[in-house]
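Taken in order, these protein sequences are the chains called A and B. Following the numbering used here, the residues of the first sequence are numbered contiguously, the last one being 116. Following the numbering used here, the residues of the second sequence are numbered contiguously, the last one being 263.
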Amino acid sequence: GAVVSQHPSWVICKSGTSVKIECRSLDFQATTMFWYRQFPKQSLMLMATSNEGSKATYEQGVEKDKFLINHASLTLSTLTVTSAHPEDSSFYICSAAGGKNIQYFGAGTRLSVL
Amino acid sequence: QKEVEQNSGPLSVPEGAIASLNCTYSDRGSQSFFWYRQYSGKSPELIMFIYSNGDKEDGRFTAQLNKASQYVSLLIRDSQPSDSATYLCAVNIGGNAGNMLTFGGGTRLMVKP
């Protein structure tokens, strides 16, 4: 299957700081990248969909000014959690899709905000 | 009514048995169907996808799709303890949805030695 690289895998930060998470498709060009959040023992929750070169589409209830998404190329998307607070602590997972509507997931980033 | 429904489980099967995981979906126009496996604390991993009615086999895994009844299932033969995980069913409705998937809540499978 296709490989999606996500970094960092784990980050601990102080409240009020910003954290950037990178998602790269290593062996294919991703027309669309997705960002999910997952709290313990809960389902995946889609946060936003991003297409290369255009603004991300955010799901209802997700603050676009707090979760900044940049999709600068067909292989790279970034999610920046701005002014992070303890309630933002979660498991953030990206996925990338090329053809055939198949999404391949990155390994995820566990964010802990102190 | 949720768009993609799965029994949350846990589904417990003995080692070596067949595990049967089921998923129903509400949008009759859905075109692509996926099964992902998610171990605790890890991200989802694609196991299989199926587009056409019938069965699709890959090793110990068989995906079954019945569009008329709007269900898709995953059979795991010769279940192993390492198969213990949460299995996510995902559906793509096509059209304007692009590559977006709608996920079910997942079924937790426990394979007991």
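All C-beta atoms in this analysis are idealised placements derived from N, C-alpha and C, irrespective of residue type, glycine included.
Assigned exposure category for residue i - 16 Cβ within 10 Å defines buried
i, result
"Thr19 (chain A)", "exposed"
"Gly171 (chain B)", "It is Leu, not Gly, that sits at residue 171 (chain B) in the sequence shown. Classification for Leu171 (chain B): buried."
"Ala218 (chain B)", "exposed"
"Gly245 (chain B)", "exposed"
"Pro88 (chain A)", "exposed"
"Asn203 (chain B)", "exposed"
"Gln156 (chain B)", "buried"
"Phe41 (chain A)", "exposed"
"Gly179 (chain B)", "exposed"
Chain B within 8 Å of residue i, Cβ atoms only
i, result
"Leu78 (chain A)", "no"
"Gly110 (chain A)", "yes"
"Thr19 (chain A)", "no"
Which of helix, strand or coil DSSP assigns to residue i
i, result
"Ser79 (chain A)", "strand"
"Asp228 (chain B)", "coil"
"Asp177 (chain B)", "coil"
"Ala247 (chain B)", "helix"
"Pro164 (chain B)", "strand"
"Asp90 (chain A)", "helix"
"Asp205 (chain B)", "strand"
Within-8 Å CB hit, residue i to chain A
i, result
"Pro107 (chain B)", "Given that chain B is displayed from residue 151 to residue 263, the structure contains no residue 107 (chain B) and the question cannot be resolved."
Residues sharing a beta bridge with residue i, DSSP
i, result
"Phe69 (chain A)", "A:Val83"
"Leu238 (chain B)", "B:Tyr186"
Against chain B, which members of the stretch 97-108 of chain A pass a CB distance test of less than 7 Å?
Ala99, Asn103, Ile104, Gln105, Tyr106, Phe107 and Gly108
Quick one: which residues of the stretch 200-218 of chain B get their C-beta closer than 9 Å to a C-beta of chain A? List them in chain order.
Going along the stretch 200-218 of chain B in chain order, one finds Tyr201 with a Cβ nearer than 9 Å to chain A.
Using Cβ-Cβ distances below 7 Å, what residues of the stretch 158-180 of chain B are close to chain A?
none
Name, going along the chain, the residues of the stretch 231-249 of chain B whose beta-carbon falls closer than 9 Å to a beta-carbon of chain A.
Leu238, Ala240, Asn242, Gly244, Ala247, Gly248 and Asn249
If you measure beta-carbon to beta-carbon, which residues of the stretch 37-51 of chain A are closer than 8 Å to chain B?
If the cut-off is 8 Å between Cβ atoms, the stretch 37-51 of chain A has Ser45, Leu46, Leu48 and Thr51 near chain B.
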